[in-house]
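Protein chains in written order, with the numbering used here: chain A, 398 to 643; chain B, 5 to 359. Below is one structure, written out as structure tokens, with a few remarks after it.
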Amino acid sequence: MLTIKNLDVEIAGKEVIKDLDLDIKEGEVHVIMGLNGTGKSTLLKAIAGSYETKTKGNIEYLGEDILGLNANERATKGIFMSFQNPIEIPGVNTVYFLRTALNEQRKSRGEEPLSSPDFMKQLQEKMAFLEIDKNILQRSLNVGFSGGEKKKSEILQMMMLSPKLILLDEIDSGLDIDALKSVAKGINALRTPQTSLIIITHYNRLLEYVKPDFVHILDSQKIVKRGDASLAKELEEKGYEDVLSS
Amino acid sequence: MKMSYLLSELLLNASNMDHIPNKKEEKWRFSPIKDYLERSYNKPTFSSPEVSITPEQEHWVSLQDGKVVDSYLPPGVHVKHGLSSLELNFFEDIDLYLYHHYTQQSFVDSSLNIIIQEGVKVSIYHDYSGGKEGFILHSSHIKLEPKGCLSQTQNQTLCAEAVFIFETKVHAGKSSSFKNFSLHKEGEYLHNIFHTDLHYQSEAEITSLLLSQNTQKYIFSCDVEHLASRSKSQILSKQVVRDKSVCVFDANTKISKDTKATQAKQSSHALLLDDSAQVHAKPHLEIYSDDLSASHGCTVGELDQEAIAYLRSRGLSEQKAKEILISAFIHDTLESMENITHKERVMDLLGGYDE
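Written as structure tokens, this is what we have:
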């Protein structure tokens with residue numbers, strides 16, 4: 398699904414990632430952990446094609462080098478990134494935005510646009526599944542949403558767009574227990590043998606609901622340790638210093 | 005045979021202009037009118053109508069170069085008209101469509117008087133077309149008797165080469181209400197001037213949406229005078245400025261001595277889409293009373309790169325993301341428009357940005 402080789406990433410003129418390698422196969426869930434400021438979010442931004450990052454090296458997605466593609470081209474190929482702090486956009490109606498995004502992606506794949514009734518049916522089903530208040534449909538995108546609503550809105554967008562590679566940047570931060578369960582339910586609903594995930598998190602609690610196949614620790618601009626789900630538990634118990642020195 | 009005259013000569017004899025404007029006057033400070041003085045224009049010949057209309061609305065008036073060419077009005081609207089003047093006196097509630105067509109290269113000096121009788125509610129949609137290489141002076145006098153209501157929507161999307169100076173004087177009587185929404189989208193130079201006098205418990209809501217491009221110059225100038233207590237005014241202008249175009253917001257709200265419980269609000273927000281685009285904003289309050297609530301302010305900015313990036317991360321092209329954000333920016337100018345038909349027409353003109 399995704400092969401990263403010798404990746405260097407700069408953000409705001411600062412080299413944040415150097416010579417990073419990562420290989421993710423279809424159906425796998427990878428978790429990236431690390432201290433604040435070690436480049437976890439930058440890595441996801443580089444994969445998603447953010448305008449903020451400057452990259453060198455190789456990122457191959459489904460057999461195609463995607464470094465030359467911009468963010469919307471990567472999104473239409475099935476890469477979805479949920480943001481740590483989703484931006485508020487006053488005046489952009491949430492339903493209009495979701496329908497436009499979905500139909501733009503369908504158009505780029507040569508598919509017919511989804512009709513309004515079909516779209517609304519899908520949207521309402523997914524909102525009910527995630528236990529999202531219907532009132533958010535009338536509001537501008539993320540405007541006045543609580544922290545939990547913003548994260549659920551990201552998961553709703555993800556479910557509507559049905560991506561193949563899902564990048565989740567601290568999707569669990571600021572969530573209460575019920576909201577965390579809803580978000581995890583949404584993630585697991587999209588977990589198929591054809592879908593891969595990269596999750597950035599600081600805590601093990603999301604991983605109790607979304608079981609990872611691999612856990613990586615990012616430090617000093619590259620991945621310094623790899624393991625299975627037990628590595629996240631070990632980190633929570635011992636902290637980075639002990640785990641990295643062992 | 006059409007006779008051509010220099011604009012400088014035509015302006016000296018125009019009924020809607022008592023002198024040739026110059027940049028030393030505050031009102032004409034940003035006006036490029038001097039550039040047009042040596043251009044020649046024709047006086048209108050009032051020939052047969054160039055365009056016939058089939059309005060959706062039941063009641064309508066069609067004008068060419070300011071002269072009425074056809075109309076369908078109920079008995080409750082009294083009409084007087086001359087060569088380039090029209091007076092409409094409303095004695096009953098009505099939703100009216102006014103179609104203003106201008107012929108090519110003409111100098112038009114037209115006037116429109118509107119009188120809204122006591123307690124009458126009138127809604128008017130003004131559609132302006134034509135005016136290619138023309139120079140149009142249009143003066144409008146509006147008198148609202150007590151409890152009269154006028155809600156106007158003006159689609160000032162003339163030909164790209166048109167010059168249009170529009171002056172509206174409003175006298176809002178006791179407990180009356182005046183609402184005006186104007187959209188400028190085409191035209192080489194457009195100057196929209198409002199003077200509004202507000203009496204006891206009257207209200208004025210004046211909204212201007214300027215969408216300029218190329219080398220267009222759009223000026224929105226609005227004076228409101230609160231002459232009595234409990235009056236309310238709101239001036240809102242939004243400008244989307246592209247290429248080398250220029251937009252000007254010049255507003256002055258005066259709150260007279262001895263008025264009480266006055267509410268006044270002014271705001272101007274501009275979106276600059278190119279480095280060479282310009283905005284000049286001058287929100288101004290002149291206050292002689294101490295029992296009031298008033299605010300004024302302006303913002304000038306560009307499209308939010310983070311918002312563009314967010315929309316693109318969901319698969320929207322850069323162009324589509326920008327269109328959506330521009331639509332979001334202008335969204336609230338349409339919010340207070342109560343007439344759904346007017347709102348839908350404006351949304352159509354905006355190319356479905358505001359779905």
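Quick reminder that beta carbons are idealized off the backbone N, C-alpha and C, glycines included.
Beta-bridge annotation (DSSP): G319/B is not paired with any residue. At a Cβ-Cβ threshold of 8 Å, L632/A and M398/A do not count as neighbours.
Exclusion of the five residues before and after L41/B leaves L11 and S12 as the residues of its chain whose Cβ lies within less than 6 Å of its Cβ. Bridge pairing for S537/A: N490/A [DSSP]. Three or more beta-carbon pairs separated by less than 8 Å link the segment 274-291 of chain B to the segment 246-261 of chain B, which places the two stretches in contact. Secondary structure of N585/A (DSSP, three-state): helix. In this structure A311/B is in contact with I484/A, their Cβ atoms being roughly 6 Å apart against a cut-off of 8 Å. Using a Cβ distance threshold of 8 Å, L441/A and I597/A count as a contacting pair. Contacts with chain A at 8 Å (Cβ-Cβ) include L320/B. Boundaries for Y40/B: no alpha helix (DSSP H) harbours it, and the DSSP string shows neither H nor E there. Closest by C-alpha distance to D294/B, out of C302/B, P287/B, D262/B and Q309/B, is D262/B. The criterion of a C-beta distance shorter than 8 Å is satisfied by Q160/B and F168/B. Shown here, I568/A sits in coil according to DSSP, grouped into three states, outside any helix or strand. Note on geometry: alpha-carbon atoms of L67/B and C302/B lie some 37 Å from one another. With a cutoff of 8 Å on beta-carbon distance, L499/A and M557/A are scored as near each other.
The C-alpha of R503/A is placed about 29 Å away from the C-alpha of K451/A.
Shown here for L432/A: same chain residues with a beta carbon closer than 6 Å to its own, the five before and five after excluded, namely Y637 in chain order. Burial check for V580/A: the Cβ neighbour count within 10 Å reaches 16 or more, so the residue is buried.
Within the segment 317-346 of chain B, S317, R318, G319, L320, S321, E322, K324, A325, I328, L329, S331, A332, F333, I334, H335 and D336 place their CB atoms closer than 9 Å to a CB of chain A, listed in sequence order.
At a cut-off of 8 Å between C-beta atoms, A311/B counts as an interface residue with respect to chain A. A residue is called buried when at least 16 other Cβ atoms come within 10 angstroms of its Cβ; K518/A does not meet this threshold and is exposed.
Interface annotation for the segment 481-495 of chain A against chain B: P483, I484, I486, P487, G488, V489, N490, Y493 and F494, criterion Cβ-Cβ distance under 8 Å.
E192/B places its beta carbon 8 Å or farther from that of Q238/B. For the C-beta of E501/A, the chain B residues within less than 9 Å are, from N- to C-terminus, R318, G319, L320, S321 and K324.
Annotation: the continuous beta strand (DSSP E) that includes Y76/B extends over K71 to Y76. From the listed residues S570/A, T473/A, I552/A and L615/A, the smallest Cα separation to N585/A is found for I552/A. At a cut-off of 8 Å between C-beta atoms, S505/A counts as an interface residue with respect to chain B. Excluding five sequence positions before and after S543/A, none of the CB atoms of its chain fall closer than 6 Å to its own CB.
Runs of the beta strand (DSSP E) lying entirely within the segment 413-473 of chain A, each at least 3 residues long, are 426-430 and 450-458 in chain order.
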